[in-house]
Amino acid sequence: MLMSSCQLSYLLHVSYNHLAMLNSKEPIDEVLNSDRFNEEQKRKIKLSQEVRIYAFEKLGFKKTKNYSQFVDLKRRYITYAVTASQRWKLEPHLWNFPIIGKAPYKSFYSEDLAKKEADELQKQNFDVSIRGISAYSTLGKLTDPLLSSMLNYSDHDLVNTIIHELVHTTLFIKDNIDFNERLAVFIANKGTALFYLDQEGPDSKTLKLIQNENYDDELFSKFITSELSDLKSWYDKFDHSKNLPEDDKELIRQERLTLIATHFENELKPKLKSSGYDKVFSKKFNNADLGVYNTYMRSLNVFENVFQKYGSNIASFLKKCEELENVDNPEAELEKCAE
Numbered sequence: 005m006l007m008s009s010c011q012l013s014y015l016l017h018v019s020y021n022h023l024a025m026l027n028s029k030e031p032i033d034e035v036l037n038s039d040r041f042n043e044e045q046k047r048k049i050k051l052s053q054e055v056r057i058y059a060f061e062k063l064g065f066k067k068t069k070n071y072s073q074f075v076d077l078k079r080r081y082i083t084y085a086v087t088a089s090q091r092w093k094l095e096p097h098l099w100n101f102p103i104i105g106k107a108p109y110k111s112f113y114s115e116d117l118a119k120k121e122a123d124e125l126q127k128q129n130f131d132v133s134i135r136g137i138s139a140y141s142t143l144g145k146l147t148d149p150l151l152s153s154m155l156n157y158s159d160h161d162l163v164n165t166i167i168h169e170l171v172h173t174t175l176f177i178k179d180n181i182d183f184n185e186r187l188a189v190f191i192a193n194k195g196t197a198l199f200y201l202d203q204e205g206p207d208s209k210t211l212k213l214i215q216n217e218n219y220d221d222e223l224f225s226k227f228i229t230s231e232l233s234d235l236k237s238w239y240d241k242f243d244h245s246k247n248l249p250e251d252d253k254e255l256i257r258q259e260r261l262t263l264i265a266t267h268f269e270n271e272l273k274p275k276l277k278s279s280g281y282d283k284v285f286s287k288k289f290n291n292a293d294l295g296v297y298n299t300y301m302r303s304l305n306v307f308e309n310v311f312q313k314y315g316s317n318i319a320s321f322l323k324k325c326e327e328l329e330n331v332d333n334p335e336a337e338l339e340k341c342a343e
């Protein structure tokens with residue numbers, strides 16, 4: 005009763021579409037026996053079943069029925085996520101939701117509704133970004149199916165995605181989306197490498213690719229963490245009292261943002277071992293786009309330091325992170341553990 009009409013309308017939109025999607029679930033065995041899917045799709049479905057069992061039995065994740073059923077979306081994405089940020093601060097716009105608490109993104113099952121939300125935020129002078137989402141987690145509240153959109157991933161990206169989402173089912177700390185997402189990114193990278201090491205051995209070409217991509221993630225995390233810190237300081241020091249037209253101020257801001265792309269091309273890109281970041285700054289970007297990197301990629305070295313401290317063992321590392329569920333600032337506490 006205390007919800008605004010906009011909040012209620014959004015929750016009804018999400019609930020209706022999610023339940024409609026769940027009503028179309030099919031058992032994996034039936035999908036594998038169907039002639040509606042080609043052999044490549046079926047091969048990836050079988051791979052998804054192997055990795056979910058691996059996550060439960062080898063990585064120590066909470067056992068669920070997630071990904072034991074399948075939904076054919078008949079479209080590229082399950083949802084479209086809207087991200088927004090202050091224009092003159094690296095400060096995300098936060099939405100408040102049941103269960104997960106505050107989050108720096110809001111997802112819609114309709115691309116048109118996502119664009120409408122983005123338009124409204126732009127009118128309020130926010131930087132805005134929209135991205136398609138191929139996978140999701142309901143944090144163990146419902147049984148999450150394997151989605152046809154997930155079959156568009158390469159094999160090892162599919163493995164990484166499933167592990168990532170199962171991390172959320174195993175551990176999710178309310179009102180700490182950034183911590184949760186970075187934790188899932190970090191463990192998924194480690195878990196994917198372990199999966200292919202066990203499946204294909206130390207000489208696996210896929211394992212080598214994963215190791216190169218994980219190496220690049222570490223470098224990019226250090227790079228973007230530093231760049232975001234420098235940009236935050238630049239925003240804090242910018243003199244808005246200057247008698248400049250708003251268009252001129254915006255031009256100065258865009259030039260400062262472009263400097264990040266220049267630093268990337270000149271300083272980081274030559275050091276990378278894979279192609280995963282080739283197009284990361286190939287298009288015009290804003291604070292909302294950078295906010296996504298802040299959520300998923302900032303300070304991954306802190307997780308690495310604690311991981312090594314606990315024997316480079318995922319199950320032990322997760323148990324340590326579970327101890328942070330009731331602290332005010334899990335990120336700060338994890339940094340203390342890394343010292």
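Just so you know, we're using the numbering used here here: the sequence shown kicks off at 5 and counts up by one. Think of the CB as a built atom: it goes at the ideal place given N, C-alpha and C, for glycine as much as any other residue.
Whole runs of the alpha helix (DSSP H) within the stretch 157-232, excluding any shorter than 4 residues: Correct list: 159-174, 181-204.
Could you tell me which of Gly205, Glu231, Asp293, Phe285 sits nearest to serine 303, measuring between CA atoms? Numbered from its first residue, the sequence shown carries residue 303 at position 299. Here the closest residue by C-alpha is Glu231.
Are the CB atoms of alanine 118 and valine 75 nearer to each other than 7 Å? As a working note, residue 118 is residue 114 in the sequence shown. As a working note, residue 75 is residue 71 in the sequence shown. The answer is no: Cβ separation not under 7 Å.
With a threshold of 7 Å on Cβ separation, who are the neighbours of phenylalanine 176 within its own chain once the five nearest residues in sequence on each side are excluded? Counting from 1 along the sequence shown, the entry for residue 176 is found at position 172. Excluding residues up to 5 positions away in sequence, Leu143, Asn184 lie with their Cβ nearer than 7 Å to the Cβ of phenylalanine 176 in the same chain.
Would you kindly check if the distance between the Cβ of tyrosine 84 and the Cβ of phenylalanine 130 is under 7 Å? Here residue 130 refers to the residue found at position 126 of the sequence shown. Here residue 84 refers to the residue found at position 80 of the sequence shown. Result no, Cβ atoms of phenylalanine 130 and tyrosine 84 do not sit closer than 7 Å.
Give the secondary structure of lysine 127 by DSSP, where H, G and I count as helix, E and B as strand, and everything else as coil. Here residue 127 corresponds to residue number 123 of the sequence shown, with the count starting at 1. Residue state for lysine 127 is assigned as helix, using DSSP reduced to three classes.
On the CB-based measure, 16 or more other CB atoms within 10 Å of its CB, does isoleucine 256 come out buried or exposed? Your numbering for residue 256 matches position 252 in the sequence shown. Under this definition isoleucine 256 is an exposed residue.
Which residues in the same chain as lysine 324 place their Cβ atom closer than 6 Å to its Cβ, once the five residues preceding and following it in sequence are excluded? For the purposes of this step, residue 324 is taken as the residue at position 320 of the sequence shown. Here lysine 324 has Tyr314 as same chain residues with Cβ atoms under 6 Å from its own Cβ, once five neighbours each way along the sequence are excluded.
Rounded to the nearest angstrom, what separates tyrosine 14 and serine 114 at their Cα positions? Residue numbering aside, residue 14 sits at position 10 when the sequence shown is read from its first letter. Residue numbering aside, residue 114 sits at position 110 when the sequence shown is read from its first letter. Separation of tyrosine 14 and serine 114 (C-alpha to C-alpha, rounded to the nearest whole angstrom) is 11 Å.
Note down the Cα distance separating glycine 195 from isoleucine 167, rounded to an integer number of angstroms. Residue mapping note: residue 195 aligns to position 191 of the sequence shown, counting from 1. Residue mapping note: residue 167 aligns to position 163 of the sequence shown, counting from 1. Cα-Cα distance, rounded: 7 Å.
Measuring CB atoms only, is the stretch 209-228 touching the stretch 320-334, in the sense that at least three cross pairs come out at less than 8 Å? Using a C-beta cut-off of 8 Å, the stretch 209-228 makes no contact with the stretch 320-334, since fewer than three inter-stretch Cβ pairs fall below that distance.
Restricting to Cα atoms, I'd like to know which of Glu43, Glu343, Ser38, Asn70 is closest to threonine 174. Counting from one through the sequence shown, the residue named residue 174 turns up at place 170. Ranking Glu43, Glu343, Ser38, Asn70 by Cα distance to threonine 174 puts Asn70 first.
Interface flag, phenylalanine 130 vs chain C, CB-CB below 7 Å: In the structure shown, chain C cannot be found, because there is only a single protein chain.
Mapping DSSP to helix, strand and coil, what is threonine 68? Within the sequence shown, numbered from 1, the residue matching residue 68 stands at position 64. Note: threonine 68 maps to coil in three-state DSSP.
So phenylalanine 65 packs on leucine 170, CB below 8 Å; how close in whole Å? The sequence position of residue 65 within the sequence shown is 61, counting from 1. The sequence position of residue 170 within the sequence shown is 166, counting from 1. With a Cβ gap of about 5 Å, phenylalanine 65 and leucine 170 count as contacting.
Suppose contacts are defined by Cβ-Cβ distances below 7 Å. Is histidine 160 in contact with threonine 229 by that definition? Here residue 160 refers to the residue found at position 156 when the sequence shown is read from its first residue. Here residue 229 refers to the residue found at position 225 when the sequence shown is read from its first residue. 7 Å or more divides the Cβ of histidine 160 from the Cβ of threonine 229.
With three or more beta-carbon pairs closer than 8 Å as the criterion, would you say the stretch 292-300 touches the stretch 143-153? Counting Cβ pairs under 8 Å, fewer than three are found: no touch.
For alanine 85, the three-state DSSP class (helix, strand or coil): Locating residue 85 in the sequence shown gives position 81, counting from the first residue. It is a strand residue.
May I have the straight-line CA-CA distance separating leucine 294 from asparagine 37, to the nearest angstrom? On the sequence shown, position 290 is the one that residue 294 refers to. On the sequence shown, position 33 is the one that residue 37 refers to. Cα to Cα, the separation comes out at about 44 Å.
Every unbroken alpha helix (DSSP H) within the stretch 259-308, with a cutoff of 4 residues, ordered by chain: Counting only runs of at least 4 residues, the stretch 259-308 fully encloses the following alpha helix (DSSP H) elements, listed from N- to C-terminal order: 291-301.
With 16 as the cutoff for other CB atoms within 10 Å, does glutamate 250 come out buried or exposed? As a working mapping, residue 250 is identified with position 246 in the sequence shown. By the neighbour-count rule (16 or more Cβ atoms within 10 Å), glutamate 250 is not buried but exposed.
Let me know if tyrosine 109 comes out buried or exposed under the rule of 16 or more other beta-carbons within 10 Å of its beta-carbon. Start at 1 with the first residue of the sequence shown, and residue 109 comes out as number 105. It is buried - the Cβ of tyrosine 109 has at least 16 other Cβ atoms within 10 Å.
What's the gap between the Cα of alanine 24 and the Cα of glutamine 128? The residue labelled residue 24 in the question sits at position 20 within the sequence shown. The residue labelled residue 128 in the question sits at position 124 within the sequence shown. Annotation: alanine 24 to glutamine 128 spans about 33 Å, alpha carbon to alpha carbon.
Given this structure, state the Cα-to-Cα distance separating serine 133 from histidine 267, to the nearest angstrom. For the purposes of this step, residue 133 is taken as the residue at position 129 of the sequence shown. For the purposes of this step, residue 267 is taken as the residue at position 263 of the sequence shown. Serine 133 and histidine 267 have their C-alpha atoms some 22 Å from each other.
Beta-carbon proximity list for histidine 17, same chain, < 8 Å, skipping 5 on both sides: Here residue 17 corresponds to residue number 13 of the sequence shown, with the count starting at 1. Phe112, Tyr113, Ser114, Leu117.
Of the choices Phe285, Tyr239, Ala88, Leu98, whose alpha-carbon is the least far from that of leucine 125? The sequence position of residue 125 within the sequence shown is 121, counting from 1. Nearest of Phe285, Tyr239, Ala88, Leu98 to leucine 125, Cα basis: Ala88.
Cβ-Cβ distance between aspartate 202 and lysine 106 below 7 Å: Translated into the one-based positions of the sequence shown, residue 202 becomes position 198. Translated into the one-based positions of the sequence shown, residue 106 becomes position 102. The criterion of a C-beta distance shorter than 7 Å is not satisfied by aspartate 202 and lysine 106.
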